[in-house]
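The opening position of the sequence shown corresponds to residue 39 in the working numbering, with each subsequent residue numbered one higher.
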Amino acid sequence: MNGTSAELSVGKGIEGVIVRKPDPAELNEISFAYMDPHDKLKIVEDKETLKNFSRSVSISKEAFEKAVGLNISVPFAAVLRFMNMSQDENNSTVLNDEVIAIEMGAEIKNLSDTINIYFKNFNFDRFHPICTSWNGEGSKPNWTFEGCETILIGNDIKCKCSHLTFFAVLLTPINETISSYDLNTLTIITQVGCGLSIFFLGIVLFMYFLIRKTKASTATQILIHLVCALFLLNLTFLVNHFVANLHSRVGCQ
39 MNGTSAELSV GKGIEGVIVR KPDPAELNEI SFAYMDPHDK LKIVEDKETL KNFSRSVSIS
99 KEAFEKAVGL NISVPFAAVL RFMNMSQDEN NSTVLNDEVI AIEMGAEIKN LSDTINIYFK
159 NFNFDRFHPI CTSWNGEGSK PNWTFEGCET ILIGNDIKCK CSHLTFFAVL LTPINETISS
219 YDLNTLTIIT QVGCGLSIFF LGIVLFMYFL IRKTKASTAT QILIHLVCAL FLLNLTFLVN
279 HFVANLHSRV GCQ
């Protein structure tokens, strides 16, 4: 290509490519691609050849234009690949332990023509992949979903991100248990629902015994039996929850 480029090697497990575009007429989209973690990043000019790579990063023309607008005299794009930064604050599982960083010397955000990152031909049957980003603050990554959209096409993952930073695909187990916060919220909702059910079922029973006739019809008796069963069911659920919170071996036996 016409711009100048160079390979980068920051340390063990960290390498990449930097491309400078001194000519304003060359501010076009640029792509970087590689087949596996052991391959070096390659600069790809032809979009058609990107499908031959299992991983690729495409930086839009809009990103270069924003860099120029932020007083970057010589626009450049650096793409770094981290193979030793998968451990984060929440011990998340990162796809293939690969983290991608994009730097252009300025804070580029709110892109309408997004940064596109592809991971192709990956088997993630037992996981749900999610594209995430990290702003670089802190000693360990703190991944967030903000600013990135995840598109799944078969075994391919496409990340569309509106800003420049660190990127990774987190793998969430499909059968993952809910968080303690969600569990507490659902428990409160269930308790409130059971309490309201007991209250209104009690009103039904009270009204029945208040206005009952000497001989009730068979349909009425069946309805009252159903109301009594639901009343006892909700009451038993609340009592069991209360006993379980006591952590008493006798109560649980």
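Ideal placement from N, C-alpha and C gives every residue a C-beta, glycine not left out.
All figures in this text were calculated on a predicted structure; none of them were measured in a lab.
Work out the CA separation of residue j and residue i for me, nearest whole Å.
i	j	result
Asn129	Ile168	15 angstroms
Phe238	Leu268	11 angstroms
Val57	Met142	10 angstroms
Trp181	Leu243	54 angstroms
Val265	Leu284	29 angstroms
Ser43	Ile212	42 angstroms
Met39	Lys59	For Met39, the pLDDT reaches just 46, beneath the cut-off of 50, and the residue's location in the model is therefore unreliable, although a value from the coordinates is still provided. Using only the alpha carbons, I get a separation of about 10 angstroms.
Glu86	Arg119	23 angstroms
Thr195	Phe280	The question names Thr, but residue 195 in the sequence shown is Ile. Answer to the nearest angstrom: the Cα atoms are 46 angstroms apart.
Asp135	Thr152	23 angstroms
Ile260	Gly231	24 angstroms
Asp61	Val95	22 angstroms
Ala206	Phe114	22 angstroms
Gly107	Leu234	60 angstroms
Asn90	Cys199	22 angstroms
Ile249	Leu273	25 angstroms
Gly176	Lys99	30 angstroms
Please go through the same chain and pick out, in chain order, the residues whose beta-carbon is closer than 7 angstroms to the beta-carbon of residue i, but skip the five residues on each side of it.
i	result
Phe183	Ile168, Thr170
Ile146	Ala101, Lys104, Ala105, His201, Leu202
Can you check which of these residues, the options, is closest to residue i by C-alpha distance?
i	options	result
Glu83	Glu136, Asp77, Asn66	Asn66
Ser92	Ala101, His76, Lys198	His76
Ile97	Ile52, Ser150, Asn122	Ser150
Ile227	Lys59, Phe205, Leu276, Lys196	Leu276
Lys78	Ala115, Val95, Val55, Phe102	Val55
Ile81	Lys89, Asn90, Ser69, Leu88	Ser69
Phe204	Leu190, Ile189, Gly185	Gly185
Gln229	Ala257, Lys196, Asn278, Ser200	Asn278
Asp163	Leu209, Glu103, Val48	Leu209
Asn109	Ala144, Ala139, Lys99, Gly233	Ala144
Leu88	Tyr156, Thr274, Ala115, Asp61	Tyr156
His166	Gly176, Gly174, Ile191, Asn154	Ile191
Ile236	Ser177, Leu271, Ala139, Thr131	Leu271
Val137	Ile241, Leu273, Pro179	Pro179
Asn173	Ile241, Ile140, Thr223, Thr225	Ile140
If you count every other CB in all the chains shown that lies within 10 Å of the CB of residue i, and 16 or more means buried, which is it?
i	result
Ala63	exposed
Asn148	exposed
Ser255	exposed
Tyr72	buried
Tyr219	exposed
Leu133	buried
Ala257	exposed
Ala282	exposed
Val112	exposed
Tell me which residues share the same chain as residue i and place their Cβ nearer than 6 angstroms to its Cβ, disregarding the 5 neighbours each side in the sequence.
i	result
Asn159	Ser92, Asn193
Thr188	Ile168, Cys169
Ile262	Tyr246
Cys197	Ile155, Cys169, Cys186
Leaving aside the five residues before and after residue i along the sequence, list all residues of the same chain whose C-beta is less than 8 angstroms from its C-beta, in chain order.
i	result
Lys50	Asn122
Glu53	Glu45, Leu46, Ser47, Lys78, Leu79, Leu118, Arg119
Asn161	Asn193
Val240	Looking at the sequence itself, residue 240 is Gly, so the reference to Val does not match. For Gly240, where only same-chain residues beyond five positions count, the Cβ hits under 8 angstroms are Phe269.
Quiz item: What are the uninterrupted segments assigned as alpha helix (DSSP H) that are 4 or more residues long and contained completely in the stretch 50-128, given in chain order?
Solution: 99-107
Practice problem: Could I get the ranges of all uninterrupted beta strand (DSSP E) runs contained in the stretch 196-239, with 3 residues as the minimum, in chain order? | Solution: 204-211
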